[in-house]
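For reference, each letter of the sequence shown is one residue, going 1 to 607 in the UniProt record's numbering.
Presented below is the structure to which this report refers.
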Amino acid sequence: MGATESCQRCCGRDWELLEDGGGRRPLYPTSEVSEPLSVRGPVVDPRQLLADFLCAGDDRGPGGFLQQQALLKRADGDDTKWFAVFRPTSVDAINKMMDGSGTGKGLNVKGKSAKSGRLSGFVPVLQISENRHKAQVCTSPPEARVRIYFPREEMCTSVLLRMRKALDDMSRVARAASERLQLHKAGKRPLTDEEEAKAFKDLLMEVEDDSMHVLQLYSPEAWGLDVPERVFREVYITRGNIIRDGDWKTGRPSEPAFMDMNLYTLRDASAAPRAVMWQLDVEDGLNPLSLLMAYEEDKVKPVVSDFDAFMLGCSGAMSFEKLPEEQVKVMKWTLQRIEEVLSTPSKSGWMSRWLEILKRESDKGFHPEIPRFGFGDPTSYRIVEQLVTAMGLLGAVRHGAECFNYYFPQDLDDEFLVVWRDFETEQPWKYLTEPELRGFLLDRISDGYSFPLNPKWVICDKGWREVFLKLRAAPQFKKHLDAWFPHSSGLMHHIDELCRRFPNGFETPEGAEQLDFDLAELQLRRYEALQRAKRKLKVCLRWMKLNKGSTTLANPESQSQEQDLKQVEVVPVEVKRVTPEKKPPKVVEAEEKKKQSCLCCFGGKAK
Numbered sequence: 001m002g003a004t005e006s007c008q009r010c011c012g013r014d015w016e017l018l019e020d021g022g023g024r025r026p027l028y029p030t031s032e033v034s035e036p037l038s039v040r041g042p043v044v045d046p047r048q049l050l051a052d053f054l055c056a057g058d059d060r061g062p063g064g065f066l067q068q069q070a071l072l073k074r075a076d077g078d079d080t081k082w083f084a085v086f087r088p089t090s091v092d093a094i095n096k097m098m099d100g101s102g103t104g105k106g107l108n109v110k111g112k113s114a115k116s117g118r119l120s121g122f123v124p125v126l127q128i129s130e131n132r133h134k135a136q137v138c139t140s141p142p143e144a145r146v147r148i149y150f151p152r153e154e155m156c157t158s159v160l161l162r163m164r165k166a167l168d169d170m171s172r173v174a175r176a177a178s179e180r181l182q183l184h185k186a187g188k189r190p191l192t193d194e195e196e197a198k199a200f201k202d203l204l205m206e207v208e209d210d211s212m213h214v215l216q217l218y219s220p221e222a223w224g225l226d227v228p229e230r231v232f233r234e235v236y237i238t239r240g241n242i243i244r245d246g247d248w249k250t251g252r253p254s255e256p257a258f259m260d261m262n263l264y265t266l267r268d269a270s271a272a273p274r275a276v277m278w279q280l281d282v283e284d285g286l287n288p289l290s291l292l293m294a295y296e297e298d299k300v301k302p303v304v305s306d307f308d309a310f311m312l313g314c315s316g317a318m319s320f321e322k323l324p325e326e327q328v329k330v331m332k333w334t335l336q337r338i339e340e341v342l343s344t345p346s347k348s349g350w351m352s353r354w355l356e357i358l359k360r361e362s363d364k365g366f367h368p369e370i371p372r373f374g375f376g377d378p379t380s381y382r383i384v385e386q387l388v389t390a391m392g393l394l395g396a397v398r399h400g401a402e403c404f405n406y407y408f409p410q411d412l413d414d415e416f417l418v419v420w421r422d423f424e425t426e427q428p429w430k431y432l433t434e435p436e437l438r439g440f441l442l443d444r445i446s447d448g449y450s451f452p453l454n455p456k457w458v459i460c461d462k463g464w465r466e467v468f469l470k471l472r473a474a475p476q477f478k479k480h481l482d483a484w485f486p487h488s489s490g491l492m493h494h495i496d497e498l499c500r501r502f503p504n505g506f507e508t509p510e511g512a513e514q515l516d517f518d519l520a521e522l523q524l525r526r527y528e529a530l531q532r533a534k535r536k537l538k539v540c541l542r543w544m545k546l547n548k549g550s551t552t553l554a555n556p557e558s559q560s561q562e563q564d565l566k567q568v569e570v571v572p573v574e575v576k577r578v579t580p581e582k583k584p585p586k587v588v589e590a591e592e593k594k595k596q597s598c599l600c601c602f603g604g605k606a607k
């Protein structure tokens with residue numbers, strides 16, 4: 001490595017040329033800044049915070065984990081050393097975390113971040129940029145509500161007035177449509193098929209709760225509105241100009257599916273932190289192109305891509321609690337499904353094959369409960385929990401490690417960020433390719449480190465069996481083996497059997513479609529909603545058939561069907577609205593925050 005080129009045509013970034021025709025990758029920013037702190041304010045590199053958290057600890061966890069709980073490192077015990085592996089985020093996302101203009105996003109924000117223009121690094125609310133795609137976005141539920149924040153009070157007031165006028169128009173249209181349909185049903189006003197379809201479409205302008213609230217808890221930095229989602233869509237999408245040009249271009253195609261994901265996230269009032277919208281345009285509050293996905297926390301901040309945790313490794317006298325029995329069952333299920341995939345080769349890639357399995361298993365009622373920070377042994381889960389808190393408003397890490405993802409294991413990435421304080425470099429992190437990561441892990445095993453591996457990597461991915469075999473033979477791993485692969489579970493025997501039967505692992509067919517993970521999740525969600533609707537329809541039809549005659553009302557089977565019908569939810573996804581009067585929009589637990597402080601509060605240094 002060494003040569004550098006600049007991409008002036010598309011993004012103006014510098015790229016590092018890899019040796020031997022290995023392509024190129026972005027030159028990531030360093031933790032040093034050229035401007036004085038008095039100009040920019042305190043700058044904290046999220047990668048440095050990660051390294052500070054992973055400083056030497058004791059048998060309870062890393063140094064940052066101890067600091068978060070106000071614990072002193074044991075003086076009479078052996079030190080434990082740590083490293084962590086992440087899927088790297090973009091250059092723009094790191095810069096926005098460093099200058100404080102953005103915070104890392106959690107798994108609930110699925111929209112794609114902009115790759116160029118004024119919004120580069122941020123996640124635009126509007127994932128569509130073609131007018132023909134407006135009609136392809138799913139219908140908003142009548143009870144759904146969303147929140148929008150503005151940088152100025154007068155902008156908030158102006159938008160509120162425009163939304164009230166739009167609501168009046170929508171209510172008038174919906175009432176007129178309802179009257180036309182009632183007259184048509186009574187035979188007093190015949191409607192053509194086109195007129196009837198238009199009337200039903202107009203009914204979709206009706207909202208369940210037409211109230212609008214001004215949110216002032218974040219003023220004067222942010223002024224918010226809590227409004228019906230259908231009104232928001234009417235003002236910003238239906239009537240708005242969504243065609244991007246100039247600096248508003250994002251470098252992404254128009255994708256209605258990702259627009260659906262953003263709306264689904266925005267209407268979820270129970271999420272912590274809650275997803276909201278931020279208006280970046282300081283002049284035009286009605287500009288739909290400048291709306292960004294954001295979080296309500298101690299501040300309202302637009303979101304950027306976070307560091308996806310991949311693996312956590314340690315050396316020394318560290319012990320881990322056993323994986324919960326429920327998760328052991330999920331891992332057994334995973335191994336059975338991997339065996340099924342490898343036994344029945346097809347022309348589809350890994351993600352497509354696994355999506356087919358999840359759809360089928362969903363029909364059978366398989367819906368494992370996934371904790372907030374994902375699966376993992378109790379010890380690792382607590383460490384991740386404190387790591388998320390330590391990152392503070394940077395939001396650099398929001399969830400647990402991929403090594404414990406047994407429900408929807410993904411394809412491996414091409415590049416990883418490794419944070420380790422013993423790198424013989426100026427900075428305690430490196431960007432490694434996938435083969436380089438495997439080499440790093442083999443070296444760490446020789447140094448006495450231990451770490452969990454996802455069984456999918458071991459069985460399906462080239463080169464990972466070598467890592468697993470060396471790790472398994474290491475004395476330090478044997479004391480952790482029962483925690484991650486309990487002896488009584490038979491997991492190791494099953495893994496060995498699958499490795500023996502399928503020595504080549506999963507071989508991706510040539511030309512196979514590379515399915516995006518977020519799109520796969522959306523497909524699964526839509527499939528499950530459709531299946532629920534079909535089941536409800538069957539119950540309704542059966543109930544109607546049983547009630548055709550008066551004698552059927554006394555039928556015990558009919559009464560059972562009536563009870564089933566009463567228990568059926570009409571709305572596929574329940575949306576619980578938290579009104580400003582009942583609960584302030586600061587969804588991060590305030591009492592817990594009093595007890596915990598992030599590393600930023602200690603100057604970014606672990607004690």
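Ideal Cβ positions, reconstructed from N, Cα and C, are used throughout, including at glycine.
Please state whether DSSP places Met155 in a helix, a strand or coil.
helix
Environment of Cys460 [buried if 16+ CB atoms lie within 10 Å]
buried
Buried or exposed (CB count within 10 angstroms, at least 16 for buried), Ser380
buried
Under 8 Å: do the segment 56 to 68 and the segment 285 to 296 share three or more Cβ pairs, one atom per stretch?
no
Measure the C-alpha to C-alpha separation of Val125 and Met259 and round it to an integer number of angstroms.
7 Å
Glu569 in three-state terms, based on DSSP:
Note that Glu569 has pLDDT 41, beneath the 50 cutoff, so the model's placement of it is unreliable and the number below is only indicative. Three-state result, Glu569: coil.
Just how far apart, CA to CA, sit Phe451 and Asp99?
33 Å
Local conformation of Ser120 per DSSP, three classes
strand
Rank Ala483, Val282, Asn454, His494 by C-alpha distance to the C-alpha of Ala222 and give the top, closest one.
Val282
Give me, in chain order, the residues of the same chain whose beta-carbon lies closer than 7 Å to that of Lys185; leave out the 5 immediate sequence neighbours on both sides.
none
Tell me the DSSP secondary structure of Lys81 in three-state form.
strand
Would you list the one or two residues that DSSP bridges to Ile148?
Leu225, Met277
Should Thr250 be labelled buried (16 or more other beta-carbon atoms within 10 Å of its own) or exposed?
buried
From what residue to what residue does the alpha helix (DSSP H) around Asp308 run?
Taken as a continuous stretch (DSSP letters only), Asp308 belongs to no alpha helix (DSSP H), being part of the beta strand (DSSP E) at 308 to 315.
Anticipated Cβ contact below 8 Å, Ile242 with Asn131, distance rounded:
7 Å
So what does DSSP say about Asp518, is it helix, strand or coil?
helix
What does the Cβ neighbour count give for Ala174, buried or exposed, with the cut at 16 atoms within 10 Å?
buried
Whole-angstrom C-beta distance between Phe307 and Arg87, which should lie under 8 Å
7 Å
Might you give, ordered along the chain, the residues of its own chain that have their beta carbon closer than 7 Å to the beta carbon of Leu519, omitting 5 neighbours on each side?
Ala257
Closer than 8 Å, CB to CB, is Gly439 near chain D or not?
Of the chains in the structure shown, none is chain D; there is only one protein chain.
Closest residue to Lys347 among Phe506, Phe375, Leu393 (Cα-Cα distance):
Phe506
Quick test of your reading: Met163 and Val227, contact by CB under 8 Å. State the CB separation rounded to the nearest angstrom.
6 Å
Going by DSSP, which residues form a beta bridge with Trp543?
Note: Trp543 sits in no beta bridge, so no partner.
Can you tell me the Cα-Cα spacing of Tyr236 and Pro288, whole angstroms?
5 Å
When the Cα atoms are used, what is the spatial distance from Trp420 to Met311?
12 Å
Arg74 vs Asp92 beta-carbon contact at 8 Å
no
For a test of the three-state rule: what should DSSP assign to Gly439, helix, strand or coil?
helix
Consult DSSP for His213 and reduce its assignment to one of helix, strand or coil.
strand
If we require 3 or more residues per run, which beta strand (DSSP E) segments fall completely within the segment 41 to 116?
81 to 87
The segment 329 to 340 contacting the segment 113 to 129, beta-carbon criterion three pairs below 8 Å
no
Backbone secondary structure at Lys430 - three-state DSSP
strand
Enumerate in chain order the residues of its own chain whose CB-to-CB distance from Ile370 is below 8 Å, with the five nearest sequence positions on each side excluded.
Tyr407
Beta-bridge pairing of Phe404 - partner residues as DSSP gives them:
DSSP lists no partner for Phe404.
Residues in the same chain with beta-carbon distance under 7 Å from Gln567, minus the five sequence neighbours each way, listed in chain order, please.
Unreliable positioning characterises Gln567 in this predicted model, as indicated by a pLDDT of 46, which lies under 50. The coordinate reading is nonetheless provided below. Result list for Gln567: empty, nothing under 7 Å.
In whole angstroms, what is the alpha-carbon distance linking Trp457 and Arg465?
8 Å
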